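Written below as structure tokens is the structure these notes are about.
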Amino acid sequence: RQQRICDMLSRRGLDRAVLTSHENIQYVTGFRPHRLMQAAVCLEADGTCVLAAPNVEPENAAVDRTVTFEAQWHCTLRQDQSQAAQDALAGTVSKSAPSRTGVEFSQSGQHVRALLSDANGVLTDLDAELWRLRRRKDPDELTMIRRAIDCTAAMYERARDIIEPGITEL
């Protein structure tokens, strides 16, 4: 998947992609942040992949390097997680020369722009291409889809066995 994105970056003349949506982070790295947590990933055109993960380094992420940030303080979720994720990535992104960076315009806010603005970089929307790439399913994705279908079938089978007038939802 990373190679397909690198090929797309090359075709479009881009230096890197910075992704922030849970779906695309999972697609690129295999890591999906908890729904209340934020993360970010930077995939360079040369294939180098850096993940900014909340709190701890995930065990099975397909990345070259992981940087972490505190997503919560004393069990209180930070409201500025997106900014913290971008700040964690900032040290890994070369800003020595102007760059062309692909981002998800539908998901990326001013934090991404600020991360890349020091080099007067150009931002390009990757949403449509990422959606197109994600529509093509890899074998591991098909395995997970089949597993989800099997689980759903088992749930409905059990429901058919126990459902009767007067049954409670609990």
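Residue numbering for the sequence shown follows the working numbering, beginning at 1 and increasing consecutively. In this text, a Cβ means the ideal position worked out from N, Cα and C, and glycines have one as well. On a predicted model such as this, the values are computed, not experimentally measured, just so you know.
Based on DSSP bridge pairs, tell me the residues matched to residue i.
{"i": "A17", "result": "L43 and G102"}
{"i": "L123", "result": "T101"}
From this set, the options, which residue's C-alpha is nearest residue i's C-alpha?
{"i": "S99", "options": "V63, D15 and T92", "result": "D15"}
{"i": "D125", "options": "V18, R134, P139 and E44", "result": "V18"}
{"i": "F105", "options": "A85, L123, I163 and E44", "result": "L123"}
{"i": "T101", "options": "R1, Q3 and L9", "result": "L9"}
{"i": "H34", "options": "Q81, P165 and R158", "result": "Q81"}
{"i": "G30", "options": "G13, R11, Q3 and P58", "result": "P58"}
Whole angstroms is fine: what's the gap from residue i's alpha carbon to residue j's?
{"i": "I5", "j": "L130", "result": "8 Å"}
{"i": "T168", "j": "R1", "result": "45 Å"}
{"i": "L170", "j": "I163", "result": "12 Å"}
Looking at residue i: is its Cβ nearer than 8 Å to the Cβ of residue j?
{"i": "T76", "j": "C42", "result": "no"}
{"i": "D50", "j": "T68", "result": "The residue you asked about is not Asp; residue 50 is Val in the sequence shown. It is not a contact, given that the beta carbons lie outside the stated cut-off."}
{"i": "A85", "j": "T66", "result": "no"}
{"i": "A45", "j": "T20", "result": "no"}
{"i": "A71", "j": "Q38", "result": "yes"}
{"i": "R146", "j": "Y27", "result": "no"}
| Mind pulling the beta strand (DSSP E) runs of 3 or more residues that sit fully within the segment 28–87? | Residue ranges of uninterrupted beta strand (DSSP E) with 3 or more members, entirely inside the segment 28–87 and ordered along the chain, are 40–44, 49–54 and 65–69.
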